[in-house]
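Enquirer: Sharing a structure here in structure tokens format.
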Amino acid sequence: MAIIKYLKSETAKVYKKSNENTVLLEALWGDRIELVSNTKVNGRYKVNVRWAKNVYIKAEDIGDEPLLELYFIDVGQGDGVLIVTPERKHILIDGGYKRSKQPHGKSAADFVDWKFFKEYKKENIELDAMICSHCDADHYGGLWDLLSNDEDDRKELDTKATKVDTFYHAGVSWWKTDEKRRFLGDESDGMLHDLLTGKTSIKYGLKKNADLRLQGEWADFLKTIIDSGASVKRIAHNPSKDFKYLKGFEEDKATSIKILGPIETRVNGKPTLKDLGSYSTNTNGNSILLRLDYGRARILLTGDLNKKSMQHIIASLQGDLIELAADVAKSCHHGSDDCSYEFLQYVNAAATVISSGDDETHAHPRPNIVAASGATGFKKIENDEMVTPLIYSTEISRSLRMGDPYEVKQDDYETPNGDIDIVLTDEAKTKVRYYRTASGALRPSKKIKSMNRLKVVDGIVYGLVNVRTDGNKILCATLNEGKRKWEVKSFTSRF
1 MAIIKYLKSE TAKVYKKSNE NTVLLEALWG DRIELVSNTK VNGRYKVNVR WAKNVYIKAE
61 DIGDEPLLEL YFIDVGQGDG VLIVTPERKH ILIDGGYKRS KQPHGKSAAD FVDWKFFKEY
121 KKENIELDAM ICSHCDADHY GGLWDLLSND EDDRKELDTK ATKVDTFYHA GVSWWKTDEK
181 RRFLGDESDG MLHDLLTGKT SIKYGLKKNA DLRLQGEWAD FLKTIIDSGA SVKRIAHNPS
241 KDFKYLKGFE EDKATSIKIL GPIETRVNGK PTLKDLGSYS TNTNGNSILL RLDYGRARIL
301 LTGDLNKKSM QHIIASLQGD LIELAADVAK SCHHGSDDCS YEFLQYVNAA ATVISSGDDE
361 THAHPRPNIV AASGATGFKK IENDEMVTPL IYSTEISRSL RMGDPYEVKQ DDYETPNGDI
421 DIVLTDEAKT KVRYYRTASG ALRPSKKIKS MNRLKVVDGI VYGLVNVRTD GNKILCATLN
481 EGKRKWEVKS FTSRF
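Per my numbering, residue 1 is the first one in the sequence shown, and the count goes up by one each step.
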């Protein structure tokens with residue numbers, strides 16, 4: 001059985017050999033380390049770490065303590081957060097658009113697949129919880145990729161299947177009737193009444209003869225959830241009752257996850273959510289709001305909350321507003337300016353992570369919200385330098401390697417006179433036809449450009465933001481691809 005250790009230094013060099021100083025990569029605090037041999041050679045252990053096999057790390061950098069790890073995945077426009085607890089439980093919150101609707105062809109599914117197959121060496125993905133913060137495609141698409149049995153959806157994924165213990169959702173759902181093609185159901189008296197609940201609710205909504213039927217891709221995604229065998233639960237916070245926790249992450253557990261939203265009100269004994277206005281305001285504003293606690297560390301996960309919902313949460317949590325305060329917060333709605341400054345003040349985050357993409361029409365993150373996240377953040381100065389607040393963006397952390405095409409070559413091109421090799425070097429006269437996929441597009445569009453007007457993407461370094469904590473110290477890190485090193489900032493929880 002493999003001996004598993006964890007990196008105890010903030011960063012450590014990973015060497016190719018025991019007696020040389022050739023560095024393959026840099027490991028990060030809390031990285032999972034599999035000992036290949038428990039015998040030291042020149043003060044180093046032979047290990048497997050990340051993608052590297054049979055490499056070496058100094059013995060002094062290796063320890064026994066696992067951390068709480070959060071991976072804010074670069075999914076372009078959308079959200080995707082993988083949580084790995086010290087007990088090695090796995091929670092995935094959102095996943096971005098489906099891979100087929102991504103400009104770069106990747107969703108959160110790709111990172112989770114890499115984590116389990118390459119790092120854990122497992123053929124199947126096992127998630128203790130899969131959480132869809134709300135019913136928009138830039139949040140559930142990547143979750144769908146993981147559960148789909150369609151070959152195109154699973155193309156390039158190495159794992160064979162995904163097992164989910166419990167699927168959580170916010171309740172707001174896309175419906176249709178014979179008269180209406182797409183809506184959110186009954187919105188009378190300022191409330192949303194037709195909330196999705198558990199498996200029975202989904203199964204009924206999938207029936208062709210149901211009065212109220214699940215609509216579109218949302219319906220197809222939920223059918224995949226049913227087919228997966230996962231338990232299904234709607235979660236919300238009712239201010240007239242005590243706070244609830246996710247199953248397996250209750251208050252008495254080392255890692256707890258408290259449910260702060262959406263805000264539920266009972267009408268005639270049935271759960272309802274506040275009607276915030278337009279369809280998009282309702283789906284986004286009634287997102288799931290969670291607080292993840294480990295030791296002293298507090299992390300707020302916000303979905304796509306907007307100004308109206310934030311104000312509603314503030315009004316509903318009077319007397320309990322301290323519950324919003326956190327060391328780390330995921331910025332609401334990709335850095336949209338539809339945001340409550342007062343809400344950000346209550347959060348008072350030492351570090352904020354913004355998940356946004358550069359191929360979309362919303363211009364996220366907005367500069368005033370980046371500024372507001374800093375202005376309302378927890379301020380700490382040491383040695384005449386600012387320690388916090390910190391602002392991270394998956395979009396800013398992403399980088400591309402690009403080049404200029406100068407030649408197109410096709411070997412063994414068939415002609416009536418035999419096979420020949422073709423080389424095209426006139427860049428202005430050489431036309432390139434290609435497909436371009438915009439974020440969330442139903443289908444790619446056809447484009448044509450001359451070769452001298454095109455760039456070749458030689459590689460993409462995705463803007464993954466790492467957050468790790470032992471319950472006291474909190475570390476945030478992004479990869480500097482040029483230096484092949486981690487850019488690390490750390491601070492202590494204030495709670």
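Cβ coordinates follow ideal geometry from the N, Cα and C atoms, glycine included.
Can you check whether the C-beta of residue 246 is within less than 8 Å of a C-beta belonging to chain B?
Expert: Here chain B cannot be found, since the structure has a single protein chain.
Enquirer: Return helix, strand or coil for residue 124, following the three-state DSSP convention.
Expert: In the structure shown, residue 124 sits in a strand (DSSP, three-state: E or B).
Enquirer: Buried or exposed, going by whether 16 or more other CB atoms sit within 10 Å of the CB of residue 277?
Expert: Exposed: under 16 other Cβ atoms inside 10 Å.
Enquirer: Can you tell me whether residue 90 is helix, strand or coil according to DSSP?
Expert: Strand, per DSSP.
Enquirer: For residue 347 and residue 465, which I take to be in contact (beta-carbon distance under 8 Å), what is that distance rounded to the nearest angstrom?
Expert: Contact flag wrong, Cβ pair sits at about 17 Å.
Enquirer: Applying the 10 Å Cβ sphere with the 16-neighbour rule, what's the burial state of residue 283?
Expert: When all chains shown are included, residue 283 counts as buried.
Enquirer: Check for me: the alpha helix (DSSP H) holding residue 486 runs from which residue to which?
Expert: Taken as a continuous stretch (DSSP letters only), residue 486 belongs to no alpha helix (DSSP H), being part of the beta strand (DSSP E) at 485 to 492.
Enquirer: Quick check: the stretch 129 to 137 against the stretch 158 to 174, are there 3 or more CB pairs under 8 Å?
Expert: Short answer: they touch.
Enquirer: Of all the options 381, 481, 410 and 431, which has the alpha carbon lying nearest to the alpha carbon of residue 401?
Expert: Per the Cα distances, 481.
Enquirer: Using CA coordinates, which residue listed in 118, 162 and 10 is at the minimum distance from residue 50?
Expert: Considering only alpha carbons, the answer is 118.
Enquirer: Measure the C-alpha to C-alpha separation of residue 171 and residue 376 and round it to an integer number of angstroms.
Expert: Going from the Cα of residue 171 to the Cα of residue 376 covers about 31 Å.
Enquirer: Taking the alpha-carbon positions, what's the residue 486 to residue 213 distance?
Expert: Going from the Cα of residue 486 to the Cα of residue 213 covers about 49 Å.
Enquirer: On a Cα-Cα basis, can you pick out the residue from 74, 257 and 223 that is closest to residue 237?
Expert: Of 74, 257 and 223, the residue nearest in Cα terms is 257.
Enquirer: Mind reading off the beta-carbon distance from residue 350 to residue 389? Whole number of angstroms is fine, and I expect it under 8 Å.
Expert: Their Cβ separation, rounded to whole angstroms, is 6 Å, which keeps residue 350 and residue 389 in contact under 8 Å.
Enquirer: Just list the alpha helix (DSSP H) runs in the stretch 182 to 212, keeping only unbroken ones of 4 residues or longer that don't cross its boundaries, in chain order.
Expert: Listed in chain order, they are 199 to 205.
Enquirer: Mind checking which residues open and close the alpha helix (DSSP H) that includes residue 261?
Expert: Run containing residue 261: none in the alpha helix (DSSP H); it sits in the beta strand (DSSP E), 255 to 261.
Enquirer: Have a look at residue 473 and residue 85 and give me their C-alpha separation to the nearest angstrom.
Expert: About 15 Å.
Enquirer: Report yes if the CB atom of residue 6 is closer than 8 Å to the CB atom of residue 30, and no otherwise.
Expert: In this structure, residue 30 lies closer than 8 Å to residue 6 by Cβ.
Enquirer: Looking at residue 26 and residue 36, is the spacing between their C-beta atoms short of 8 Å?
Expert: No, Cβ-Cβ distance for residue 36 and residue 26 is not below 8 Å.
Enquirer: Go ahead and pull the three-state DSSP assignment for residue 75.
Expert: Three-state result, residue 75: coil.
Enquirer: Locate the alpha helix (DSSP H) running through residue 138, then write down its first and last residues.
Expert: 137 to 147 is the extent of the alpha helix (DSSP H) around residue 138.
Enquirer: Assign residue 297 to one of three DSSP states: helix, strand, or coil.
Expert: Looking at residue 297 - three-state DSSP - the assignment turns out to be strand.
Enquirer: Determine contact between the stretch 238 to 254 and the stretch 155 to 163, defined as no fewer than three beta-carbon pairs at a distance below 8 Å.
Expert: The stretch 238 to 254, when compared against the stretch 155 to 163, does not touch it at the 8 Å Cβ threshold.
Enquirer: Do you know how far the Cα of residue 369 is from the Cα of residue 57?
Expert: Taking the straight line joining both Cα atoms gives about 41 Å.
Enquirer: Under the assumption that residue 434 contacts residue 455 (Cβ atoms under 8 Å), give the Cβ distance between them as a whole number of angstroms.
Expert: With a Cβ gap of about 12 Å, residue 434 and residue 455 do not count as contacting.
Enquirer: Tell me, to the nearest whole angstrom, how far the beta carbon of residue 72 is from that of residue 330; I am working on the premise that it is less than 8 Å.
Expert: Between residue 330 and residue 72 the Cβ distance is about 7 Å, and since that is below 8 Å, they are a contact.
Enquirer: In or out: residue 23 buried (at least 16 other Cβ within 10 Å) or exposed?
Expert: Exposed.
Enquirer: Is residue 484 buried or exposed, if buried means 16 or more other CB atoms sit within 10 Å of its CB?
Expert: Exposed, by the Cβ-count rule.
Enquirer: Run through DSSP, which three-state label would residue 217 get?
Expert: Residue state, collapsed to three classes: helix.
Enquirer: Can you round the beta-carbon distance between residue 206 and residue 223 to whole angstroms, since I take them to be within the 8 Å contact cut?
Expert: About 6 Å separates the two Cβ atoms, so the contact holds.
Enquirer: Less than 8 Å separating the beta-carbons of residue 469 and residue 297?
Expert: In contact: residue 469 and residue 297 (Cβ atoms closer than 8 Å).
Enquirer: Helix, strand or coil, according to DSSP, for residue 451 in the structure here?
Expert: It is helical.
Enquirer: Hey, residue 313 and residue 261 are a contact pair by Cβ (cut 8 Å); roughly how many whole angstroms apart?
Expert: Yes, residue 313 and residue 261 are in contact; Cβ-Cβ is about 6 Å, under 8 Å.
Enquirer: Report buried or exposed for residue 495, applying the criterion of at least 16 other Cβ atoms within 10 angstroms of its Cβ.
Expert: Exposed.
Enquirer: Do the CB positions of residue 18 and residue 47 come within less than 8 Å of each other?
Expert: For residue 18 and residue 47, no; Cβs fall outside 8 Å.
Enquirer: Tell whether a beta-carbon distance below 8 Å holds between residue 105 and residue 78.
Expert: No, these two residues do not count as a Cβ contact at 8 Å.
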